[in-house]
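Here the structure is laid out as structure tokens; the discussion comes afterwards.
2 protein chains.
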Amino acid sequence: MARAATTSDAFNAVAEPRRREILNYLALQERPVGEIVDALEMEQPSVSKHLRVLRDVGLVHVRRDGRQMLYRTNAEAIRPLHAWAGTFERYWKHQLMRVKERAEEKQAR
Amino acid sequence: MARAATTSDAFNAVAEPRRREILNYLALQERPVGEIVDALEMEQPSVSKHLRVLRDVGLVHVRRDGRQMLYRTNAEAIRPLHAWAGTFERYWKHQLMRVKERAEEKQAR
DNA sequence: TTGACATATTCCTATATCGGAATGTATTGT
DNA sequence: ACAATACATTCCGATATAGGAATATGTCAA
Numbered sequence: 000m001a002r003a004a005t006t007s008d009a010f011n012a013v014a015e016p017r018r019r020e021i022l023n024y025l026a027l028q029e030r031p032v033g034e035i036v037d038a039l040e041m042e043q044p045s046v047s048k049h050l051r052v053l054r055d056v057g058l059v060h061v062r063r064d065g066r067q068m069l070y071r072t073n074a075e076a077i078r079p080l081h082a083w084a085g086t087f088e089r090y091w092k093h094q095l096m097r098v099k100e101r102a103e104e105k106q107a108r
Numbered sequence: 000m001a002r003a004a005t006t007s008d009a010f011n012a013v014a015e016p017r018r019r020e021i022l023n024y025l026a027l028q029e030r031p032v033g034e035i036v037d038a039l040e041m042e043q044p045s046v047s048k049h050l051r052v053l054r055d056v057g058l059v060h061v062r063r064d065g066r067q068m069l070y071r072t073n074a075e076a077i078r079p080l081h082a083w084a085g086t087f088e089r090y091w092k093h094q095l096m097r098v099k100e101r102a103e104e105k106q107a108r
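Chains as they are written, first to last, in numbering that gives the first Met the number 0: chain A, 0 to 108; chain B, 0 to 108.
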């Protein structure tokens, strides 16, 4: 078999650096495609395709305004990702504490 | 061109569901490959390959113990992911607040 | 209706996997 | 040294992109 489809979930969608850039850019406020193209210096078809993926997994919302399409990041859809990563928080805190303890032991000697 | 290499960063590495399962499993304590194979019901070569990817991006640590290789999740490497997703927290909180406000307005009428 | 503008989609190609099967390598026990 | 155990790697085939170029679609303005 081959790899899982990118459109399957948020994890795959944000694996692409360009799509993360787009999400960052659209977090503050909605923007038309043309502005994304200019701001991020990407080809228009490329932006449209990435937006399509982001839209399919619900990471962005769209609405039409005349001939423009206004996109904005749907932060809600990023929560599961944050939540998953967050389950490891206690572990890295614990790891950091051990590093700190060792440093203090060394200091004591 | 084609897609970015999976081994390039943590985002790509965790895009694969099986690798997330492995990370979850190895978070609590280190385990030999064989136990991962049994616990997650995956083929041994498959597990080894996923571990290789995780190791290349620093998401797991390894040490040898006799003929076993003991792997454990390096939670530290997940922090950047958590941090990135966390930058959107204020937005989803804001969105939720608006939803709540609308509900209350409706209630008032 | 026609033309211009803003986006989306399609077609094509090179490449990056993922899984399965087979094989290679390292370490231990006898 | 040799067999057994525990993993890792390689080779293969099917599929999923990402990007570029060209084209299609939708909307507004005159």
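By construction, the Cβ of each residue, glycine as well, lies at the ideal position given by its N, Cα and C atoms.
Alpha carbon of residue i to alpha carbon of residue j, nearest angstrom
| i | j | result |
| --- | --- | --- |
| arginine 17 of chain B | alanine 9 of chain B | 14 Å |
| glutamate 29 of chain B | leucine 53 of chain B | 14 Å |
| alanine 102 of chain A | glutamine 94 of chain A | 13 Å |
| tyrosine 24 of chain A | glutamate 100 of chain B | 26 Å |
| glutamate 104 of chain B | alanine 82 of chain A | 30 Å |
| arginine 51 of chain B | tyrosine 70 of chain B | 11 Å |
| glycine 65 of chain B | glutamate 15 of chain B | 30 Å |
| valine 98 of chain A | arginine 89 of chain A | 14 Å |
| proline 110 of chain A | alanine 107 of chain A | Past the edges of chain A, shown from 0 to 108, lies residue 110 of chain A, and the structure says nothing about it. |
Beta-carbon proximity of residue i to residue j, cut-off 7 Å
| i | j | result |
| --- | --- | --- |
| histidine 49 of chain A | isoleucine 77 of chain A | no |
| alanine 74 of chain A | tryptophan 91 of chain B | yes |
| methionine 68 of chain A | valine 61 of chain A | yes |
| valine 56 of chain B | alanine 84 of chain B | no |
Boundaries of the alpha helix (DSSP H) in which residue i is found, first to last residue
| i | result |
| --- | --- |
| valine 52 of chain A | 43-55 |
| alanine 14 of chain A | That residue, alanine 14 of chain A, is in no alpha helix (DSSP H); it is neither H nor E in DSSP. |
Own chain partners of residue i with C-beta closer than 7 Å, once the 5 adjacent residues on each side are dropped
| i | result |
| --- | --- |
| arginine 63 of chain A | none |
Continuous beta strand (DSSP E) stretch holding residue i: start and end
| i | result |
| --- | --- |
| aspartate 37 of chain B | Unbroken run through aspartate 37 of chain B is the alpha helix (DSSP H), 32-39; no beta strand (DSSP E). |
| arginine 62 of chain A | 59-64 |
Residues of its chain near residue i, where Cβ-Cβ distance is below 8 Å and the 5 sequence neighbours each way are ignored
| i | result |
| --- | --- |
| serine 7 of chain A | Val56 |
| leucine 39 of chain A | Arg17, Glu20, Ile21, Tyr24, Val46 |
Query raised in the report: Which runs of the beta strand (DSSP E) spanning at least 3 residues fall entirely within the region 69-105 of chain B, listed in chain order?
Result: none
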